[in-house]
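Numbering (our numbering), first residue to last: 171 to 576.
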């Protein structure tokens with residue numbers, strides 16, 4: 171076997187350019203296959219983690235319909251003023267399986283500290299927001315029920331906002347920041363949370379008591395929506411249908427009229443992302459299949475060429491006693507080695523590329539050693555299959571004809 175391997179390596183080295191071109195298709199196929207699958211798995215893992223960040227068993231009822239913004243983010247609610255506190259009361263009184271909930275208002279505004287001014291998303295909510303949305307404070311504490319009742323001028327900064335205003339987030343506590351004409355005392359800083367499923371950067375948010383915003387700042391009687399925490403994810407569909415029926419009744423929407431609200435479960439958004447990723451996976455599989463097919467044709471072509479250029483070598487080996495099975499094994503080994511090297515190099519480069527992608531895009535690091543090994547082994551098998559015909563031709567060379575003519 172070692173002798174066969176030496177002969178195979180020497181033969182491939184003698185035709186470097188042709189061997190490289192034959193490897194290229196398999197190389198690109200393995201690169202595309204392992205790369206696309208790894209990235210799609212990383213994105214699925216990220217979607218799962220983002221779903222967890224939204225909060226356990228979360229149902230969201232939002233004012234208006236979503237709009238898509240540049241950068242792939244989704245804006246919910248906007249300036250829709252039809253979602254009243256009476257709607258929130260009706261929802262919480264009639265939706266089954268509700269564990270806890272909080273209405274909220276969102277607004278994009280600038281917040282400043284001395285000469286530092288940053289744009290942020292204000293989220294006004296009740297004191298139970300951290301438990302509803304699984305969002306614990308890293309530094310300091312969240313505002314209390316008493317803060318909500320007293321309409322206290324306090325706020326909690328997102329991690330990025332705290333860094334932009336104070337350089338060190340720990341220095342933000344008890345500082346006074348300015349929001350419009352209102353001074354707010356910083357009582358907490360959130361941990362780094364990244365983007366949610368809607369594409370919103372949660373580290374650029376600022377949290378204030380709902381009553382402070384609605385009564386002291388904007389003097390409004392409408393909200394952007396309500397976060398509802400259910401007892402179990404098995405209750406999501408029943409709760410969702412109940413919320414739709416309640417909101418349509420509250421807003422006197424006729425059967426032939428469209429909703430002026432949106433009811434969304436966290437799993438719905440995750441499912442949409444998963445479906446999009448499945449499409450990417452299918453396209454990647456198609457492109458890698460084409461590359462593998464081209465690679466197989468390349469291996470077939472160069473092996474046929476090698477058989478033609480080595481007819482004398484084959485004839486001499488057969489004349490001195492080499493069996494047909496030995497010639498067959500030799501050429502199958504060469505084709506498998508040729509394809510296997512291309513596949514292995516493609517898998518190695520794929521790991522390097524996806525590592526860079528994970529690092530730059532801040533994706534979770536997901537690697538599948540079995541997939542990488544299978545891609546390399548599969549490349550060898552593909553090469554053996556592609557080289558089967560040339561190997562059969564080589565093993566059936568007419569010895570007398572070769573020795574007479576060459």
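We put the beta carbon where it would ideally sit given N, CA and C, even for glycine.
Enclosing alpha helix (DSSP H) for residue i [first to last residue]
{"i": "residue 482", "result": "481-489"}
{"i": "residue 395", "result": "Looking at the DSSP string, residue 395 is not in any alpha helix (DSSP H); the run it does join, the beta strand (DSSP E), is 395-400."}
{"i": "residue 419", "result": "406-420"}
{"i": "residue 555", "result": "539-556"}
{"i": "residue 496", "result": "494-531"}
{"i": "residue 315", "result": "315-320"}
{"i": "residue 258", "result": "255-264"}
Distance between residue j and residue i (C-alpha atoms, nearest Å)
{"i": "residue 337", "j": "residue 347", "result": "14 Å"}
{"i": "residue 359", "j": "residue 417", "result": "35 Å"}
{"i": "residue 501", "j": "residue 435", "result": "58 Å"}
{"i": "residue 341", "j": "residue 335", "result": "10 Å"}
{"i": "residue 297", "j": "residue 270", "result": "11 Å"}
{"i": "residue 327", "j": "residue 542", "result": "43 Å"}
{"i": "residue 305", "j": "residue 299", "result": "7 Å"}
{"i": "residue 241", "j": "residue 366", "result": "Residue placement at residue 241 cannot be trusted, given a pLDDT of 46 that sits under 50; the coordinates are not used to answer."}
{"i": "residue 396", "j": "residue 292", "result": "15 Å"}
{"i": "residue 243", "j": "residue 265", "result": "Low local confidence applies: a pLDDT of 48 at residue 243 is under 50, so the model's placement there is unreliable, with the coordinate-based value given in what follows. About 29 Å."}
{"i": "residue 227", "j": "residue 547", "result": "42 Å"}
{"i": "residue 419", "j": "residue 524", "result": "50 Å"}
{"i": "residue 577", "j": "residue 461", "result": "Summary: the structure shown does not reach residue 577, with the chain confined to residues 171 through 576, and so no result is reported for it."}
Whole-number beta carbon distance between residue j and residue i, since they are thought to touch under 8 Å
{"i": "residue 509", "j": "residue 549", "result": "5 Å"}
{"i": "residue 638", "j": "residue 505", "result": "A query on residue 638 cannot be resolved here, the shown segment of the chain reaching from 171 to 576 and no further."}
{"i": "residue 433", "j": "residue 410", "result": "5 Å"}
{"i": "residue 195", "j": "residue 454", "result": "Not confirmed; about 16 Å, so no contact."}
{"i": "residue 275", "j": "residue 294", "result": "4 Å"}
{"i": "residue 255", "j": "residue 430", "result": "That pair is no contact at about 16 Å."}
{"i": "residue 556", "j": "residue 469", "result": "4 Å"}
The beta strand (DSSP E) enclosing residue i, as first and last residue numbers
{"i": "residue 301", "result": "Looking at the DSSP string, residue 301 is not in any beta strand (DSSP E); the run it does join, the alpha helix (DSSP H), is 299-303."}
{"i": "residue 285", "result": "Where residue 285 is concerned, there is no enclosing beta strand (DSSP E), given that its DSSP letter is neither H nor E."}
{"i": "residue 230", "result": "228-233"}
{"i": "residue 431", "result": "431-435"}
Open item on the list: If contact is defined by three or more beta carbon pairs under 8 Å, each pair taking one atom from either stretch, is the region 389-409 in contact with the region 312-332?
Closed with: no
Open item on the list: Measuring CB atoms only, is the region 203-210 touching the region 360-380, in the sense that at least three cross pairs come out at less than 8 Å?
Closed with: no
- [ ] Assess, as a yes-or-no matter, whether the region 228-235 is touched by the region 382-391 under the definition of 3 or more beta carbon pairs within less than 8 Å.
- [x] no
TODO: Would you check if there are 3 or more beta carbon pairs closer than 8 Å linking the region 559-569 to the region 527-538?
DONE: no
- [ ] Assess, as a yes-or-no matter, whether the region 270-289 is touched by the region 324-338 under the definition of 3 or more beta carbon pairs within less than 8 Å.
- [x] yes
Open item on the list: Within 8 Å, do at least three Cβ pairs link the region 509-516 to the region 193-202?
Closed with: yes
Open item on the list: Restricting to runs no shorter than 3 residues, where is the beta strand (DSSP E) found entirely within the region 323-382?
Closed with: 324-327, 346-349, 352-359, 375-379
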